[in-house]
Amino acid sequence: MNEVLKGGLIGCGFFAVNQMHGWQEVDRVEIVAICDRDPARLTEIGDRFDVAARYADAAEMLAAEKLDFVDIATTVPSHRALVELAARQGLHVICQKPLAETMQDARAMNAAVEEAGRVFMVHENFRWQSGLRAAIDAVRTGKIGSPFFCRASFRSGYDVYSGQPYLATDERFIIQDLGIHVLDVTRAIMGEVRTLSASIQRVNPKIRGEDVATILLTHDSGATSVVDCSYATRRQPETFPETLLEIDGETGTLRLDAGYRLTIQSAGGKDVIDVAPRLDPWAEKPWHNIQESVVTIQRHFADCLRQGRIPETSGADNLRTLALVEAAYLSAAEARTITPEEL
Ligand code: NAD
Ligand code: 89Y
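Note that the numbering used here numbers the sequence shown so that position 337 is 336, with each residue one more than the last.
Right, dumping it as structure tokens:
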């Protein structure tokens, strides 16, 4: 597949700007049409990225345009209908997280794209961040031996509500929005999860959902992880949007510390590596970490389409991450340990 891959973007909101910039960085991919039911947002993105084909309705866009894939950048309530629409049109799909509001919806979406014989991938981009990817690769290549403990920690007081107001008003907040990424990274490093227990808190009285979550995982391997997330942590330096890691393996340890500093210690000695993300010309600190990972994950999607490969963060793979999110809410609600496999 040497020709240009033609994409249509659905949802022209806060994060879509990063996705549009990201596609501009990927060779032989072009977003030829965009869609948003909000005319102001459609105009803003259309003018900024010089896209002439603009639609208020996704079905109309898919009927009128000749596309290879759609990139769905809307919030979760619309994901299932849009993925199924794209599947009916025989298109490849890349969809934002959280993939769906329920496991049932997520399974139906996977089935729809599979039946169409197309590629389905989720924007699960944290595991593509430079620092987290370096840590994943180090563990996968045996630098610290078999890992038996992981702490994956995201603690911040950054104001995410002004850019994403729905985070303050949705019933679910930090696990569904942010913990989902940290759980996914933990899966990528430590393998599949056997049991999960979680406690959640709301510290900020002005929001509806939980802004603190502490999750204990046991893995099929016998290892244990702690995933802790907070948007109520007032500290300096403010580390948004860094996920910090502490991993103990049978022959060494790995730390990903604030400031993108990766330390790997083993019998062979100690390596301290700068894994800071690059700052693309269009990127903005402190978001550059996430912005770089958007380019990387979108490039992976395009590579998979061209090479006929299943993406690492495929829709099917993401069912396992989504099950951890559901398990965490269920565990917190019922104060019991959950086996995500059963969800
Ligand atoms: P947003 O509300 O700013 O933008 C969503 C846009 O989609 C809106 O303009 C809305 O009008 C449009 N829309 C909704 N349903 C539509 C439909 N059926 N047809 C056409 N347009 C429709 O939301 P956002 O903050 O940009 O977030 C979008 C998604 O990106 C969310 O799921 C969020 O969790 C995710 N996100 C991911 C990351 C990441 O790092 N992966 C970071 C931030 C946000
Ligand atoms: O929506 C979230 C995400 O996916 O990354 C950070 C974020 O923008 C706010 O928590």
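C-beta atoms are modelled at their ideal positions from N, C-alpha and C, and glycine is treated no differently.
Just how far apart, CA to CA, sit residue i and residue j?
i	j	result
residue 181	residue 130	13 Å
residue 40	residue 13	9 Å
residue 122	residue 286	16 Å
residue 215	residue 6	40 Å
residue 340	residue 173	22 Å
residue 213	residue 197	6 Å
residue 42	residue 15	13 Å
residue 184	residue 256	15 Å
residue 54	residue 268	58 Å
residue 35	residue 83	17 Å
residue 119	residue 10	18 Å
residue 65	residue 308	23 Å
residue 273	residue 132	13 Å
residue 25	residue 4	10 Å
Please list the terminal residues of the continuous beta strand (DSSP E) segment that includes residue i.
i	result
residue 112	Careful: residue 112 lies outside any beta strand (DSSP E), inside the alpha helix (DSSP H) at 102-114.
residue 54	52-54
residue 245	243-248
residue 148	146-154
residue 75	No beta strand (DSSP E) holds residue 75; DSSP gives it neither H nor E.
residue 217	211-218
Bridge partners of residue i, per DSSP?
i	result
residue 120	93, 313
residue 205	According to DSSP, residue 205 bridges with nothing at all.
residue 272	261
residue 5	29
residue 158	For residue 158, which the question treats as bridged, DSSP gives no partner whatsoever.
residue 223	148, 217
residue 34	9, 54
residue 82	DSSP lists no partner for residue 82.
Please report the residue range of the alpha helix (DSSP H) in which residue i lies.
i	result
residue 232	It is not in any alpha helix (DSSP H) - residue 232 carries neither H nor E in the DSSP assignment.
residue 292	287-306
residue 196	Counting along the chain, residue 196 falls outside any alpha helix (DSSP H), though it belongs to the beta strand (DSSP E) covering 192-200.
residue 256	No alpha helix (DSSP H) holds residue 256; the beta strand (DSSP E) holding it covers 251-256.
residue 42	38-48
residue 139	129-139
residue 24	15-24
residue 185	179-189
residue 58	57-63
residue 166	165-168
Measure from the C-beta of residue i to each C-beta in chain D and report whether the shortest distance is under 9 Å.
i	result
residue 235	Of the chains in the structure shown, none is chain D; there is only one protein chain.
The region 229-236 contacting the region 140-148, beta-carbon criterion three pairs below 8 Å: no
Counting Cβ pairs closer than 8 Å, one from the region 78-95 and one from the region 57-67, do we hit at least three? Output reads yes: the region 57-67 touches the region 78-95.
Quick check: the region 195-203 against the region 259-279, are at least 3 beta-carbon pairs closer than 8 Å? Judged by pairs of C-beta atoms under 8 Å, the region 259-279 does not touch the region 195-203, as fewer than three such pairs exist.
State whether the region 314-326 contacts the region 297-306, with contact taken as three or more CB pairs (one from each stretch) at a distance under 8 Å. no
For the structure I just gave you, are there three or more beta carbon pairs, one from the region 175-190 and one from the region 322-330, closer than 8 Å? yes
Touch check for the region 148-161 and the region 241-254: three-plus C-beta pairs under 8 Å? yes
Cβ contact (3+ pairs, closer than 8 Å) linking the region 93-103 and the region 65-77: The region 93-103, when compared against the region 65-77, does touch it at the 8 Å Cβ threshold.
Three Cβ pairs or more, each shorter than 8 Å: is that satisfied between the region 278-296 and the region 16-32? yes
Determine contact between the region 97-111 and the region 76-83, defined as no fewer than three beta-carbon pairs at a distance below 8 Å. yes
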